[in-house]
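For reference, the structure discussed in these notes is given below.
Chains as they are written, first to last, in the working numbering: chain A, 144 to 366; chain B, 144 to 366.
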C-alpha cells in the first residue's frame with residue numbers, strides 16, 4: 144500500500160476525495176487545518192468523516208490565517224447570500240497553496256509522494272487555486288522543493304480526482320463508495336449547532352447537486 | 144513606494160535581505176513564524192532586527208510544524224556538530240514552500256506583488272528550497288494561485304538578492320547598509336540565554352564569513 148496525504152475539510156468534496164484515495168489503493172493520511180475559520184463545526188465534521196471512511200491517521204494542524212484576513216472566511220466580512228461577479232469574497236488568499244505546502248511537508252516525513260485534494264473546477268466558486276494549471280504548477284514546485292525530489296528523484300503527484308466532475312457526478316461517486324454525506328458540512332455560514340444556511344454559494348451548489356441526483360441532502364439545514 | 148513582504152527569521156541573511164528591500168525602495172512588511180522551532184530566541188532577534196532596519200509592520204504567524212517533525216529543528220533529533228553528506232537533518236520538510244505561501248497570502252491582502260527571501264545557494268547547507276530553480280517555480284505558481292494573478296494579471300516576483308553571494312559578500316553588503324549583526328541570531332542550537340554554539344553548520348558558515356571579511360562577529364557565542 145502506498146501512503147497518500149489527503150486534504151480533508153469536512154465538506155462534501157474532500158470526503159468524496161478521501162473515499163476515492165482509499166478505493167484507488169492508497170493508505171490515506173488525512174490532514175485538516177484549524178485556520179481561524181468561523182466555522183469550527185467543519186473540523187468536527189472532518190473528524191467524523193475521517194473515521195467513517197477510514198483514514199489511517201488524521202492530523203489537524205494549527206495555522207494562523209486570521210492574522211492576514213482578506214476573506215469572508217477569515218475576517219469580519221459578511222458571507223454573501225447572492226452570487227457575485229468574479230472571484231467572491233469567500234476566497235481565502237493563497238489558501239490551497241498553503242494547504243498543499245503542509246501536505247508536502249507531511250509527505251516528506253511519511254515518505255509519501257501522493258497528495259489528494261478535492262478541488263473542482265466545474266460547479267465551484269471560481270477560485271484560482273482550484274484550477275488544473277494551479278495543480279500542475281504545484282507538482283512542478285514540489286519536485287524542486289523537497290529533499291525527496293532532489294536526493295531521491297521523487298515525483299510528486301497532486302491527485303485532484305474531482306476537478307472535472309459536476310457536483311451531481313461527485314455525489315453519485317461518493318454514494319457508490321459509501322460516503323455518509325450526513326456527516327459532511329459545506330456551508331460557509333453555519334449556525335452554532337452546525338445547521339447549514341441553504342443560501343450561500345457553497346450551499347446553493349451542493350443543493351443543486353443533490354437535486355440533480357434526485358436524492359435528498361442528508362445534511363441539516365436551518366428551517 | 145511599493146509594498147513588499149520580507150521573510151525575516153532573525154538570522155544574518157534575512158536581516159541583510161530586509162535592508163536590501165528597503166534600499167531598493169520597497170516599503171517592507173516583515174513576516175516571521177513561530178513554528179515550533181527549538182529556539183524562540185530567533186523570534187526575539189527578528190523583532191529587534193525588524194525595528195532596527197525599519198519594517199513598516201512585523202507579523203509573527205503561528206504555524207504548527209512540530210506536529211509533522213522530520214527535522215532536527217522541529218523534532219527531538221540532535222543538531223549535528225560536524226558536516227554531513229547530502230542534505231542535513233536540519234532541513235525542515237517544505238519549510239520555504241510553506242513560508243512563501245504565507246507571504247503570498249499577505250501579499251494578496253496588502254495588494255503587493257513582491258516577496259523577499261534571504262535564501263543563499265553558495266555558503267549554505269544544501270537545502271533544496273534555497274535554489275534558484277525552486278524560487279522560479281514558486282513565482283510561476285504564485286501567478287496561477289491568486290486572485291491578483293488571475294483577475295488583475297499581477298506578476299509576482301520572489302526576490303532572492305543573496306542567492307548567488309558568498310557569506311562574506313553578504314556581510315559586507317549588510318555592513319554597508321548599516322545592519323547591526325549583533326542583533327541577529329543564526330545558531331541552530333543556542334543556549335537558553337541565546338548564545339550561539341559556534342559549531343553547528345550555521346555557526347560555522349557564519350564565522351567563516353566574518354573571518355573572510357576580517358571583522359569580528361558581534362554575536363554572542365558560548366565560552
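Ideal Cβ positions, reconstructed from N, Cα and C, are used throughout, including at glycine.
Specify the secondary structure class of residue i as computed by DSSP and reduced to three states.
i, result
"residue 252 of chain B", "helix"
"residue 283 of chain A", "helix"
"residue 366 of chain A", "coil"
"residue 165 of chain B", "helix"
"residue 202 of chain B", "strand"
"residue 272 of chain A", "helix"
"residue 328 of chain B", "coil"
"residue 344 of chain A", "helix"
"residue 244 of chain B", "helix"
"residue 227 of chain B", "coil"
"residue 186 of chain A", "helix"
"residue 310 of chain B", "helix"
"residue 175 of chain B", "strand"
"residue 262 of chain A", "coil"
"residue 372 of chain A", "Past the edges of chain A, shown from 144 to 366, lies residue 372 of chain A, and the structure says nothing about it."
"residue 149 of chain B", "strand"
"residue 257 of chain A", "strand"
"residue 160 of chain B", "helix"
"residue 301 of chain A", "strand"
Check each candidate in the options and name the one with the smallest Cα separation from residue i.
i, options, result
"residue 170 of chain A", "A/259, A/204 and A/240", "A/259"
"residue 290 of chain B", "A/270, A/177 and A/291", "A/270"
"residue 360 of chain B", "B/256, B/328, B/172 and B/146", "B/328"
"residue 190 of chain B", "B/150, B/298 and B/222", "B/150"
"residue 311 of chain B", "B/286, B/176 and B/267", "B/267"
"residue 153 of chain B", "B/168, B/145, B/186 and B/177", "B/186"
"residue 176 of chain A", "A/204, A/165 and A/200", "A/204"
"residue 192 of chain B", "B/178, B/299 and B/172", "B/172"
"residue 159 of chain B", "B/211, B/322, B/202 and B/255", "B/322"
"residue 315 of chain B", "B/146, B/155 and B/145", "B/155"
"residue 222 of chain B", "B/350, B/334 and B/275", "B/334"
"residue 162 of chain A", "A/362, A/274, A/351 and A/303", "A/303"
"residue 244 of chain B", "A/188, A/272 and A/225", "A/272"
"residue 362 of chain A", "A/356, A/355, A/286 and A/339", "A/339"
"residue 249 of chain A", "A/278, A/364, A/285 and A/261", "A/285"
"residue 200 of chain B", "B/216, B/215, B/165 and B/211", "B/165"
"residue 308 of chain A", "A/145, A/262, A/194 and A/226", "A/262"
"residue 183 of chain B", "B/252, B/264, B/147 and B/216", "B/216"
"residue 319 of chain B", "B/147, B/246 and B/196", "B/196"
Compare the C-beta of residue i with all C-beta atoms of chain A and state if any pair is closer than 8 Å.
i, result
"residue 106 of chain B", "Limits of chain B in this structure are 144 at one end and 366 at the other, which puts residue 106 of chain B out of reach."
"residue 171 of chain B", "no"
"residue 183 of chain B", "no"
"residue 156 of chain B", "no"
"residue 345 of chain B", "no"
"residue 271 of chain B", "yes"
"residue 241 of chain B", "yes"
"residue 283 of chain B", "yes"
"residue 244 of chain B", "yes"
"residue 161 of chain B", "no"
"residue 280 of chain B", "yes"
Is the Cβ of residue i closer than 8 Å to any Cβ of chain B?
i, result
"residue 338 of chain A", "no"
"residue 355 of chain A", "no"
"residue 175 of chain A", "no"
"residue 152 of chain A", "no"
"residue 288 of chain A", "yes"
"residue 167 of chain A", "no"
Using a Cβ-Cβ cut-off of less than 9 Å, list which residues of the segment 224-239 of chain B approach chain A; keep chain order. Correct list: 229, 230, 234, 235, 236, 237, 238 and 239.
At a Cβ cut of 7 Å, what residues of the segment 249-264 of chain B count as close to chain A, listed as they run along the chain? Flagged, chain order: 249, 251 and 252.
Tell me which residues of the segment 186-218 of chain A have at least one Cβ-Cβ distance to chain B shorter than 8 Å, keeping chain order. Per Cβ criterion, the list reads 202, 204, 205, 206, 207, 208, 210, 211, 212 and 213.
At a CB distance below 8 Å, what residues from the segment 290-313 of chain B approach chain A? Give them in sequence order. From the segment 290-313 of chain B, only 290, 292, 293 and 294 have a Cβ closer than 8 Å to chain A.
Inter-stretch contact (C-beta, 8 Å, three-pair minimum) for the segment 334-350 of chain A and the segment 219-238 of chain A: Touching, yes.
Is it a yes or a no for the segment 236-256 of chain A touching the segment 236-243 of chain B, going by three-plus beta-carbon pairs under 8 Å? Touching, per the Cβ criterion.
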